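**Student:**
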Amino acid sequence: MTALRGSLPITQITPDAVGAPAAYVGLMSDDNQSVTSESVGKAGLSNWAVSDSGLSVTYDCGGFTGGGQFVAAVAALADRRNHHPDLSLSYPGHVTVVTLSHDVGKLTDRDLGLATAIERLAGEDGYSAVTD
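Take the sequence shown: its position 60, counting from 1, is numbered 145 in the working numbering, and each next residue is one higher.
1. Taking residue 179 as the reference, give the member of 143, 202, 157 with the closest Cα.
2. Of the residues 203, 166, 125, which one's Cα is nearest the Cα of residue 38?
3. As an exercise, report each continuous beta strand (DSSP E) stretch of at least 3 residues that is fully enclosed by the segment 152-215, in chain order.
4. Which partner residues of residue 140 appear in the DSSP bridge assignment?
5. Using C-beta distances below 8 Å, list every residue in its chain close to residue 140, excluding the 5 sequence neighbours before and after it, in chain order.
6. Roughly how many whole angstroms lie between the Cα atoms of residue 176 and residue 158?
7. Less than 7 Å between the beta carbons of residue 161 and residue 169, yes or no?
8. Using alpha carbons as the reference points, say which of 173, 148, 122, 166 lies closest to residue 136.
9. Can you tell me where the alpha helix (DSSP H) holding residue 125 begins and where it ends?
10. Whose CA, out of 174, 127, 128, 167, lies closest to the CA of residue 150?
11. Considering only DSSP beta bridges, list what residue 217 is partnered with.
12. Taking C-alpha atoms, which residue in 210, 181, 205 lies nearest to residue 138?
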């Protein structure tokens with residue numbers, strides 16, 4: 086069985102195991118509130134970009150295996166929150182995350198909460214955002 090995040094088998098990955106802050110689990114949102122670049126900055130997400138396609142960031146995970154492990158950890162976190170970003174893994178271990186509340190077709194507080202939790206997870210793993 087493939088190990089992930091140290092000694093945990095991949096089948097035992099849970100949001101708790103990947104450090105999902107309890108405050109973000111089950112986050113309720115006001116889907117009518119606009120999320121702006123300013124609100125993203127105030128949330129401490131300075132590396133995340135706001136566009137029509139959503140809120141996005143790319144992390145350098147130190148290698149392809151690290152990137153795969155990070156994708157799996159984000160997937161577990163997203164399942165727990167029932168809010169799923171688009172994830173892509175590319176060589177040499179870059180993971181791009183894009184979140185958008187597809188049900189309402191715009192950025193919401195759910196996206197800010199998910200991005201904040203992902204940013205915390207990346208920081209705990211020592212992954213940094215790729216900047217131009």
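We put the CB at the ideal spot given by N, CA and C, even for glycine.
From a predicted model like this one, the values you see are computed outputs, not experimental measurements.
**Tutor:** This is what the structure holds:
1. When only C-alpha atoms are compared, the closest one is 143.
2. Examination of residue 38 is not possible in this model, given that the chain is present from 86 through 217 alone.
3. As for any beta strand (DSSP E) of minimum length 3 sitting wholly inside the segment 152-215, the runs are 171-175, 179-184, ordered along the chain.
4. Answer is 135, 184.
5. 120, 125, 130, 133, 134, 183, 184, 185, 192, 196, 197, 200.
6. Computed Cα separation, rounded: 18 Å.
7. For residue 161 and residue 169, no; Cβs fall outside 7 Å.
8. Out of 173, 148, 122, 166, 122 has the C-alpha closest to the C-alpha of residue 136.
9. It spans 122-127 - the alpha helix (DSSP H) in which residue 125 sits, taken as one unbroken run.
10. Scanning 174, 127, 128, 167 for the CA closest to the CA of residue 150 turns up 174.
11. Note: residue 217 sits in no beta bridge, so no partner.
12. Comparing alpha carbon positions, the residue from 210, 181, 205 closest to residue 138 is 181.
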